[in-house]
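Q:
Residue numbers (UniProt numbering): 1 to 852.
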């Protein structure tokens with residue numbers, strides 16, 4: 001324990017230095033502060049085990065520790081809560097880190113005592129002179145007893161056997177400076193001989209980066225007391241004090257020149273000026289040489305120049321493409337404007353010419369001339385339409401109406417248009433197919449334009465008396481359709497640009513000029529069908545254009561501009577639904593509205609189920625009889641049915657459903673190939689809600705289903721509004737012309753249910769089973785009928801009717817709430833109040849107060 005001049009009391013413990021101020025009046029004012037070692041703070045206490053505190057004549061405080069050397073308090077001003085320390089340890093020259101005690105001599109030097117060594121410290125120079133027990137010729141260990149210096153300057157130190165008297169003024173150490181020599185050098189752990197003369201420098205090869213240097217100080221008196229230190233300039237910032245260790249080890253040295261400095265004490269432990277310098281040259285590897293860096297710089301510069309050139313080239317290319325695109329857009333915009341203006345006059349020309357050609361009194365010459373006019377007018381109309389199609393594709397407004405088509409049966413209808421020109425030019429026009437039937441999902445109008453352009457080009461470039469072949473080949477997942485001619489052929493440099501817009505090919509038949517948009521339009525139309533087109537050609541032998549189309553319709557599913565047109569097909573190309581789709585889980589069935597699909601064509605039925613299953617629970621039936629039975633069991637929200645079916649056709653099924661009071665409310669949509677007005681009228685007379693003819697748009701079908709379900713929802717809301725109104729209930733339906741109409745079956749059913757509830761208004765024992773029996777229906781059928789027609793359950797219907805009667809009674813002046821509850825079938829007035837508030841938003845008492 002010690003006290004400073006500032007009145008700070010310090011207590012050394014094994015867990016740090018505890019400080020508090022002595023300037024307190026009462027014990028409650030004492031505040032203790034503990035200072036401990038912080039590994040991350042060099043100015044903290046070096047060790048927590050404080051054994052001795054010493055204050056010098058200059059009021060400087062030195063704290064001795066067991067394991068951390070000596071700590072000097074250097075903070076100013078000195079306060080008990082804020083202290084900073086400077087530590088002295090082996091790294092500073094102190095021969096030990098365990099200090100037992102401290103004392104100051106007459107000259108201001110401090111003497112630090114450990115078990116084996118006595119060390120003199122000069123506070124001004126911060127240098128240590130160390131004296132071992134061997135040097136002092138004393139064999140006993142020093143103890144923790146406090147040392148004393150008498151008036152003659154003699155130091156008395158307690159030992160394990162008594163005490164020792166030491167005349168410190170007479171202590172003299174040897175000033176001998178021992179020379180340092182190298183004893184061994186290990187490179188990559190291999191020793192190499194050292195010459196007898198002093199070695200001042202040596203060189204390491206690029207592969208020799210690990211080195212160990214061994215050395216010794218030539219002092220033979222007490223060599224075990226010699227201490228060593230070394231430092232490698234450029235690597236070490238401070239001296240490495242290694243005690244008796246006589247070697248320096250360095251691993252993975254970078255290339256360069258280094259000076260290894262070695263120094264030592266003499267046998268008395270006095271550090272002397274005997275520094276030995278060894279220069280080490282580490283040869284760089286090639287990648288570290290100046291030449292390598294010059295090469296790296298050259299490569300980097302070349303890379304940057306190349307990248308800049310490529311970027312500049314891409315910029316120029318993009319700029320050129322943008323310019324070409326702008327020019328093409330200007331052309332297309334111009335042609336589009338002209339095309340719109342030309343359609344009307346061309347139509348006015350073509351119409352009268354067609355009428356005149358039907359006049360049998362015309363001469364053959366006049367018919368020939370008018371035929372040329374008609375032919376070229378139609379050609380101009382086709383060009384106008386192609387330009388307008390281009391504009392649609394560019395603006396992404398081109399819509400596809402795809403339907404399943406037998407391409408083998410369909411293509412001859414396109415070829416038929418070229419029979420006359422084939423005869424005129426004596427060209428052998430043939431179709432070659434590798435199969436009897438090949439089904440594709442295509443937009444027939446767009447596909448006709450594709451092959452009309454390809455065949456037109458083939459005839460344009462094919463001389464007389466040659467042949468043109470249209471070839472159809474079927475693969476596993478694709479169909480290849482080729483147009484092969486025996487024309488002039490196309491040069492290789494033109495093959496790369498032939499599908500570009502406004503690109504034309506110069507040919508000998510200049511009487512048939514090209515617009516340069518036909519093949520470009522073909523490529524765009526093929527692309528929106530998710531197909532591709534390729535061309536091969538040989539000068540003088542002809543050209544081959546091949547269109548590849550994917551089978552199936554999966555590739556169209558994500559297209560927003562694609563709509564499916566459905567028609568009856570005799571063979572399946574539609575993937576059957578998985579059980580997970582057709583037999584959805586019960587949880588999904590409860591969340592989704594159900595649709596009954598009645599269709600004898602399995603493929604069309606499965607396709608309809610596929611496109612509707614994401615939004616609805618699907619029930620399937622193969623004929624009218626099955627559909628009628630499924631409707632009775634499942635109570636679907638809507639029924640889609642074909643007309644022509646075995647066992648029971650669609651109209652008979654409609655008649656049976658509309659005659660069944662349990663299911664007569666279900667909306668029905670007929671899908672049929674019969675499109676005559678009489679068929680539509682007949683269906684509407686049977687009570688159907690809509691009649692769609694095949695083929696039909698899937699988007700329209702979905703929209704119609706949504707519309708019918710919305711109408712059903714509006715009808716339910718209309719019923720509920722009527723029930724909740726304060727008008728007389730039976731026969732009170734007053735629908736405006738624009739509201740959903742109520743079929744007589746449903747209206748009679750609701751009126752009958754309402755009458756039963758009215759008659760049993762005060763009967764608290766009225767049950768759903770009693771009402772169901774009264775209307776001659778089963779409990780389940782009655783529940784689903786009420787739910788479908790009104791949109792609420794029978795229990796809620798009874799409750800809402802009774803609350804409505806209660807409102808009528810309150811409006812009529814009935815003051816007693818309990819009496820009104822009993823009159824409306826509620827045994828418990830509290831339950832009546834809860835139901836009343838749930839329906840009206842206020843309690844009966846609040847309602848009466850509002851009515852005042």
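Glycine residues also receive a C-beta, built at the ideal position from the N, C-alpha and C atoms.
1) From residue 317 to residue 542, what distance separates their C-alpha atoms?
2) So, helix, strand or coil for residue 122, using DSSP?
3) Determine the DSSP secondary structure at residue 853, reduced to helix, strand or coil.
4) Under the three-state reduction of DSSP, which class applies to residue 821: helix, strand or coil?
5) With distance defined between alpha-carbon atoms, name the residue in 98, 146, 89 nearest to residue 104.
6) Taking the CB atoms as reference points, tell me whether residue 10 and residue 63 lie closer together than 9 Å.
7) Can you say whether residue 681 is buried or exposed, counting buried as having 16 or more other CB atoms within 10 angstroms of its CB?
8) Identify, in the order they occur along the chain, each residue of the same chain with its Cβ nearer than 6 Å to the Cβ of residue 186, setting aside the five sequence neighbours on each side.
9) Could you tell me which residues DSSP puts in a beta bridge with residue 98?
10) Using CA coordinates, which residue listed in 485, 446, 367, 117 is at the minimum distance from residue 398?
11) Taking three-plus beta-carbon pairs below 8 Å as touching, is the region 301-313 in contact with the region 225-239?
12) Using the Cβ count rule (16 or more neighbours within 10 Å means buried), how would you classify residue 665?
13) Which residues mark the beginning and the end of the beta strand (DSSP E) in which residue 542 is found?
14) Pick helix, strand or coil for residue 151, following the three-state DSSP scheme.
15) In whole angstroms, what separates the C-alpha of residue 683 from that of residue 814?
16) Please indicate yes or no: does the CB of residue 203 lie closer than 8 Å to some heavy atom of the ligand GDP?
17) Along the chain, where does the beta strand (DSSP E) that runs through residue 593 open and close?
18) So, is residue 32 buried or exposed, given that buried needs 16 or more other C-beta atoms within 10 angstroms?
19) Between 123, 131, 106, 107, which has its C-alpha nearest residue 115's C-alpha?
20) Can you give me the C-alpha to C-alpha distance between residue 706 and residue 769, rounded to a whole angstrom?
21) Report the partner residues of residue 167 according to the DSSP bridge assignment.
22) Are residue 549 and residue 618 close, meaning C-beta to C-beta below 9 Å?
23) Assign residue 794 to one of two classes, buried (16 or more other C-beta atoms within 10 Å of its C-beta) or exposed (fewer than that).
24) Three-state secondary structure (DSSP) at residue 557?
25) If contact is defined by three or more beta carbon pairs under 8 Å, each pair taking one atom from either stretch, is the region 770-787 in contact with the region 811-831?
26) Given a cut-off of 9 Å, decide if residue 70 and residue 43 are closer than it, judged by their beta-carbon atoms.
27) Out of 546, 34, 449, 266, which one is the CA nearest neighbour of residue 521?
28) Please list, in chain order, all residues of the same chain as residue 45 whose beta carbon is under 7 Å from its beta carbon, the five residues on each side excluded.
29) Where residue 513 and residue 641 are concerned, what is the direct C-alpha to C-alpha distance, given to the nearest angstrom?
30) Whole angstroms is fine: what's the gap from residue 749's alpha carbon to residue 711's?
31) Decide yes or no for the touch test of the region 232-242 against the region 198-208: beta carbon pairs closer than 8 Å, at least 3 of them.
32) Inspect the CB distances between the region 834-847 and the region 792-807 and report whether three or more fall short of 8 Å.
33) Which residues in the same chain have their Cβ closer than 7 Å to the Cβ of residue 495, if we skip the five residues on either side of it in sequence?
34) Going straight from the alpha carbon of residue 232 to that of residue 282, what length do you get?
35) Do the CB positions of residue 437 and residue 409 come within less than 9 Å of each other?
36) Assign residue 824 to buried or exposed, taking buried as 16 or more other Cβ atoms, counted over all protein chains shown, within 10 Å of its Cβ.
A: On the basis of the supplied data:
1) 33 Å
2) Secondary structure at residue 122: strand, using DSSP grouped into helix, strand and coil.
3) Outside the shown range of the chain (1 to 852) lies residue 853, about which nothing can therefore be said.
4) The answer is helix: DSSP assigns residue 821 an H, G or I state.
5) Of the candidates 98, 146, 89, the residue whose Cα lies closest to the Cα of residue 104 is 146.
6) Less than 9 Å divides the Cβ of residue 10 from the Cβ of residue 63.
7) exposed
8) 212
9) The partner list for residue 98 (beta bridge, DSSP) reads 66.
10) 446
11) no
12) buried
13) 542-550
14) coil
15) Roughly 53 Å between the two C-alpha positions.
16) Here there are no bound small molecules, and the ligand GDP is not part of this structure.
17) Per DSSP, the unbroken beta strand (DSSP E) holding residue 593 starts and ends at 593-598.
18) exposed
19) 131
20) 34 Å
21) Checking the DSSP bridge columns, you'll see residue 167 partnered with 154.
22) no
23) buried
24) coil
25) no
26) no
27) 449
28) 16, 17, 35, 36, 37, 71, 85
29) The predicted position of residue 513 is uncertain, since its pLDDT is 48 and thus under 50; a value taken from the coordinates is nonetheless stated next. Cα-Cα distance, rounded: 54 Å.
30) Distance between the alpha carbons of residue 749 and residue 711 is about 19 Å.
31) no
32) As far as the Cβ criterion goes, the region 834-847 touches the region 792-807, which means the pair count is three or higher.
33) 535, 537
34) Going by the C-alpha atoms only, they are around 13 Å apart.
35) yes
36) buried
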